[in-house]
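Enquirer: Sending over a structure as structure tokens; questions will come in a sec.
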Amino acid sequence: MPDFFIFADIIGIIAFSISGFLIAIKNDLDILGIVIASGLTALGGGIIRDAILSSTPFAFTSLYPALTLLGTILIAYIFKLYKKPSIERKWMFVVSDTIGLVAFSITGAILAIHAEYNFFGIIILSFITAVGGGVTRDIMINQVPTVLISDFYGSIAVIVALSLATLEALNSLNEVTLSTVAVCSIILRLIAFKRGWNLPRLN
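Take the position in the sequence shown, starting the count at 1, then add 517; the result is the number in our numbering.
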């Protein structure tokens, strides 16, 4: 399934580059800050994932992650996506962030399955791949990580990982079922955002 993995990785990099770019613009970062924020969002989770797998980070050995990242930033800048006061609640940000979240959840889960991790390992690697970059970015700009406060955000990564682990256990994991999980997870996240679904809080 290498072709599907690369496709999902590219989609995730593009989507998270855009969300990182929007967050950088919101926080009035300069051009270097924009590149760093977008780069951390798009590549940070994958670098952490590969470190856990004891392999050289894919972003350091392949050319397409860097080219995809820089190309996306350039296109976003050309289209002049200006600062908005609550960018995290705008549909452009939510859709791009959701697509990146699901795409990276899938790549993390696939690599964990290939490494023969158990259910717990698949969930953790999928989750870290999906949210690691965003958490690193948020810490850098001194704000509470989105995954800790956003409605039904990290839960999507867990759902994706559980779905793929279950499909693998049933010998039903293929490109069709992967695509189905991806589409359903994106729709679920967007419905959760639209309806304001949240996990229970202890307050």
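No residue lacks a Cβ here, since even glycine has one placed at the ideal position from N, Cα and C.
Would you identify the three-state DSSP class for Ser536, choosing helix, strand or coil?
Expert: Helix, per DSSP.
Enquirer: Helix or strand or just coil, what does DSSP make of Lys711?
Expert: Lys711: helix per DSSP, three-state reduction.
Enquirer: Quick check: the Cα distance between Leu591 and Pro582, rounded to an integer number of angstroms?
Expert: About 14 Å.
Enquirer: From which residue to which residue does the alpha helix (DSSP H) around Ala674 run?
Expert: Unbroken alpha helix (DSSP H) run through Ala674: Gly671 to Ala686.
Enquirer: Using a 10 Å radius around the Cβ and a threshold of 16 neighbouring Cβ atoms, would you call Ser613 buried or exposed?
Expert: Buried, since its Cβ has 16 or more Cβ neighbours within 10 Å.
Enquirer: For the alpha helix (DSSP H) containing Thr615, list its first residue and its last residue.
Expert: That run of the alpha helix (DSSP H) goes Trp608 to His631.
Enquirer: Just the Cα atoms here: how many angstroms apart are Phe644 and Leu549?
Expert: Going from the Cα of Phe644 to the Cα of Leu549 covers about 28 Å.
Enquirer: Between which two residues does the alpha helix (DSSP H) containing Asp547 stretch?
Expert: Unbroken run through Asp547: none, as it is neither H nor E.
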